[in-house]
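What follows is a short report on a single structure.
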Amino acid sequence: MKPANILKALLYAVGLPAVLVLIWWAATLGAKNFFVPTPGTLLSTFAETWFGERIVSDVLPSLGRLVVGVVAAIVLGIVAGLLIGSVKWLRALTEPVLEFFRAVPPPVLVPVLMLLMGITDSMKVVVIISGCIWPVLLNTIEGVRAIDPVLSDSSHTYGITGAARVRYLVLPSAGPQIMAGVRQCLSIGLILMVISEMFASSSGLGFTIVQFQRSFAIPEMWSGIVILGLIGVAMSFIFQFTERRILRWYHGLREVENAV
Amino acid sequence: MQSETTDKTTMPAGSPAPAGRTLPEGQAMLSVRNLKKVYQTDGGPIEAVRNLTFDLRAGELACLVGPSGSGKTTLLKCISGLMAPTEGQVLLDGAVVSGPPKKMAVVFQEYGRSLFPWMRVRENVELPLKNQGVPKAERDKLVDEALEAVGLSHVPMSYPWQLSGGMQQRVAIARAVAYQPEVLLMDEPFAAVDAQTRADLEDLIRTVWKKLGVTVLFVTHDIDESVYLGQRVIILSSSPTVIQEDLVIDLPEERDQLNTRALPRFTELRHHVYEQIQLAKQGHRPAAAH
Ligand SMILES: Nc1ncnc2c1ncn2[C@@H]1O[C@H](COP(=O)(O)OP(=O)(O)OP(=O)(O)O)[C@@H](O)[C@H]1O
Ligand SMILES: [Mg+2]
Chain P
431 MKPANILKAL LYAVGLPAVL VLIWWAATLG AKNFFVPTPG TLLSTFAETW
481 FGERIVSDVL PSLGRLVVGV VAAIVLGIVA GLLIGSVKWL RALTEPVLEF
531 FRAVPPPVLV PVLMLLMGIT DSMKVVVIIS GCIWPVLLNT IEGVRAIDPV
581 LSDSSHTYGI TGAARVRYLV LPSAGPQIMA GVRQCLSIGL ILMVISEMFA
631 SSSGLGFTIV QFQRSFAIPE MWSGIVILGL IGVAMSFIFQ FTERRILRWY
681 HGLREVENAV
Chain D
83 MQSETTDKTT MPAGSPAPAG RTLPEGQAML SVRNLKKVYQ TDGGPIEAVR
133 NLTFDLRAGE LACLVGPSGS GKTTLLKCIS GLMAPTEGQV LLDGAVVSGP
183 PKKMAVVFQE YGRSLFPWMR VRENVELPLK NQGVPKAERD KLVDEALEAV
233 GLSHVPMSYP WQLSGGMQQR VAIARAVAYQ PEVLLMDEPF AAVDAQTRAD
283 LEDLIRTVWK KLGVTVLFVT HDIDESVYLG QRVIILSSSP TVIQEDLVID
333 LPEERDQLNT RALPRFTELR HHVYEQIQLA KQGHRPAAAH
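Structure follows, in structure tokens:
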């Protein structure tokens, strides 16, 4: 990219946020609403609240559970999806059950899992997995089912079967669908990370934010919400970067198809 | 070469179904025996192929022509073990085909969908060899030769979807050639290429066929092409499909786009095939098939 273009892209990226902060700043100029801090207050509170002990005691453990839960959900979802998608009878057998489990809202599992597993890290990770796995699993199944029959026949006649088939045909072919599932999985993961810490927890981002709210530490509470937003944005960037690399062929193909 | 004994006139008189040329047991590379295929669909059964019997000698080049919908693709899928026939069987080197045989390559009609869009041209051609554990050096040589032969050595790093339809089809052909099969099945492989490339590719197929001694079954719509390419043309009737005629092409072995096509015998043969296909289209069926 040319420097001028980079500058333009940067302006577009930060333009709207800047305007929003400006509006926020103007709206809170004279007002003394206890529940809405000014940008300045929030900024100083943010630094005070999070750049210290809390990074180690709350932020990093939460992030750790989020990463473990999301990665486990993605791996499990893809593996199970490949299996279920490839085996016809397995699909017929599992479809109704999957529909049922997918329909259960994961937050209601928190109390149940608390009883079964106690208030532990693994319980929180399981909550994250139980909600995140569905989009990956169902998308993978769909992706595997949608493999082009001609391509499948081609692979078959050239003796590409078993593990080679999964590696060279099934995974790449289902890739676009799988990545769509992963995208959903990430946002659900963040929500569940917070929720899993809101009940009877003693640390973590979700716990801390609820704690601030209960003790009327309003600017601190807002700063926690900002942290969550930033984590979400970071995850989305990492995802887009990875997706671009893995699915370069797919975006190119789409471009060619759309140009016709 | 084509002797009188292999002519269809040696077919036993009054055979139950019209048959293509068959060989004594143990001499055929590929045998199709009373093959019937009925698709079971939601709209009821569809009889794509009624009864086909013919043999291909090892190293033979046969063309298969027939009206659209006469079950040519269906036949190739049964031969390549991708689909089980409803009745009858396919034998490769004496063994019944029940799944894709190792030493067979197929070039599909839907060329655009038979290449891996996530792999570059070179990787597409290389994958079957890699999967078979062919050493890297030999693999590279085979891939280079195959790409060179189809005139695509300049685009090894492109993705298939960046190429024109005809180029994609040539990649699929290169992949089959690099694989060095004993039997090569091709389903209207030149449908998407321009006339000049088509002529070049026809000669390429004959060169590869002679060089590798591969047995080729070549499906085409193009009558001239079938006569020019084949040692033999198998003409299918319209659906429900039987063999309309199994014709020996007694043109000289050395073929040449200009001279061969100018031979009076070429014109005679192409007239004959044309007439048979017209008859097939009008629903005329060989006597024994009624
Ligand atoms: N998967 C399928 N399910 C049901 N019917 C099918 C299927 N594939 C082919 N048929 C039917 O079988 C018949 C033969 O089809 P096939 O594709 O083998 O013909 P073809 O000779 O290859 O035609 P073309 O020259 O147009 O490629 C057609 O009537 C077609 O509708
Ligand atoms: Mg066809």
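Here the protein sequences line up with chains P and D, keeping their order. Position one of the first sequence corresponds to residue 431 (the working numbering), numbered consecutively onward. Position one of the second sequence corresponds to residue 83 (the working numbering), numbered consecutively onward. For every residue, glycine included, the Cβ atom is placed at its ideal position computed from N, Cα and C.
Expressed to the nearest angstrom, what Euclidean distance is found between the alpha-carbon atoms of Gly27(D) and Asn133(D)? Only positions 83 to 372 of chain D appear in this structure, which leaves residue 27(D) out of reach.
Do you know whose CA, among Asp282(D), Glu284(D) and Gly108(D), lies nearest Val178(D)'s CA? Gly108(D)
Measure the alpha-carbon distance for Ile161(D) versus Val497(P) and round it to whole angstroms. 50 angstroms
Selected residue, minimal CA-CA separation from Trp243(D), among Tyr193(D), Glu270(D) and Arg367(D): Tyr193(D)
With 8 angstroms as the threshold, decide whether the Cβ of Ala187(D) is near any Cβ in chain P. yes
Rounded separation between Thr91(D) and Phe136(D) - CA only: Confidence is the limiting factor: at Thr91(D) the pLDDT is only 38, short of 50, which leaves the residue's position unreliable, though a coordinate-based value still follows. Answer to the nearest angstrom: the Cα atoms are 14 angstroms apart.
Ala448(P) CB to nearest heavy atom of ligand 1 below 7 angstroms: no
Would you call Ile668(P) buried or exposed, if buried means 16 or more other Cβ atoms sit within 10 Å of its Cβ? exposed
So does Tyr121(D) have its beta carbon nearer than 7 angstroms to some heavy atom of ligand 1? yes
Near-chain D residues of the region 667 to 682 of chain P (beta-carbon distance less than 7 angstroms), N- to C-terminal order: Trp679 and Gly682
Could you tell me whether any non-hydrogen atom of ligand 1 is closer than 7 angstroms to the CB of Gly163(D)? no
Inter-stretch contact at 8 angstroms, needing at least 3 Cβ pairs: the region 556 to 564 of chain P / the region 575 to 589 of chain P: no
Sorry if obvious, but does the Cβ on Ala604(P) come closer than 7 angstroms to a heavy atom of ligand 1? no
From Met623(P) to Arg495(P), what does the alpha carbon distance come to, in whole angstroms? 7 angstroms
Could you check the C-alpha separation between Gly589(P) and Gly181(D) for me, to the nearest Å? 10 angstroms
Pull out every residue of the region 577 to 600 of chain P whose Cβ sits closer than 7 angstroms to any Cβ of chain D, in chain order. Asp578, Val580, Leu581, Asp583, Ser584, His586, Thr587, Tyr588, Gly589, Ile590, Ala594 and Tyr598
Rounded straight-line distance, which links the Cα of Tyr680(P) to that of Gln214(D): 27 angstroms
Residues in the same chain with beta-carbon distance under 7 angstroms from Thr88(D), minus the five sequence neighbours each way, listed in chain order, please. In this prediction, Thr88(D) scores a pLDDT of 40, lower than 50, which makes its location untrustworthy; the coordinate-derived value is nonetheless stated afterwards. Excluding sequence neighbours, Thr88(D) sits near Arg103 and Val330.
Measure from the C-beta of Pro606(P) to each C-beta in chain D and report whether the shortest distance is under 8 angstroms. no
Considering only heavy atoms of ligand 1, does any lie closer than 7 angstroms to the CB of Thr155(D)? yes
Partner residues on chain P for Phe190(D), Cβ-Cβ distance less than 8 angstroms: Val580, Asp583 and Ser584
Could you name the residues of the same chain whose beta carbon sits closer than 6 angstroms to that of Gly96(D), not counting the 5 residues immediately before and after it, in chain order? Only weak support is given to the placement of Gly96(D): the predicted model assigns it a pLDDT of 40, under 50, and the value that follows is read from those uncertain coordinates. Cβ within range, chain order: n/a, list empty.
Taking Cβ positions only, does Pro535(P) come closer than 8 angstroms to chain D? no
Quick one: give me the first and last residue of the beta strand (DSSP E) that Glu327(D) is part of. Thr323 to Val330
Return the first residue and the last residue of the beta strand (DSSP E) that Ser632(P) is part of. Premise fails: Ser632(P) is in no beta strand (DSSP E) and is neither H nor E.
Leaving out five residues on either side along the sequence, give the residues of the same chain with a beta carbon under 6 angstroms from the beta carbon of Val517(P). none
Please determine whether the Cβ atom of Gln214(D) lies at a distance below 7 angstroms from any heavy atom of ligand 2. no
To which residues of the same chain is Arg367(D) closer than 6 angstroms at the C-beta, ignoring the five residues directly before and after it? Ser319
Should Asp583(P) be listed as close to ligand 2, given that the test is whether its C-beta is under 7 angstroms from any heavy atom? no
Which chain D residues sit within Cβ distance under 8 angstroms of Val376(P)? As displayed, chain P neither begins before 431 nor continues past 690, which places residue 376(P) out of reach and without an answer.
Chain P beta carbons: is any one of them nearer than 8 angstroms to that of Arg195(D)? yes
Where Lys184(D) meets chain P, residues with beta-carbon distance less than 8 angstroms: Gly589
Is Pro602(P) close to chain D? Criterion is C-beta to C-beta, closer than 8 angstroms. yes
Quick one: any contact between the region 628 to 645 of chain P and the region 572 to 580 of chain P, if contact means 3 or more CB pairs under 8 angstroms? no
Below 8 angstroms on C-beta distance, what does Leu164(D) contact in chain P? Asp583, His586 and Thr587
Assign Pro352(D) to one of two classes, buried (16 or more other C-beta atoms within 10 Å of its C-beta) or exposed (fewer than that). Here the sequence assigns Arg to residue 352(D), which means Pro is not the residue at that position. Buried, because 16 or more other Cβ atoms sit within 10 Å of the Cβ of Arg352(D).
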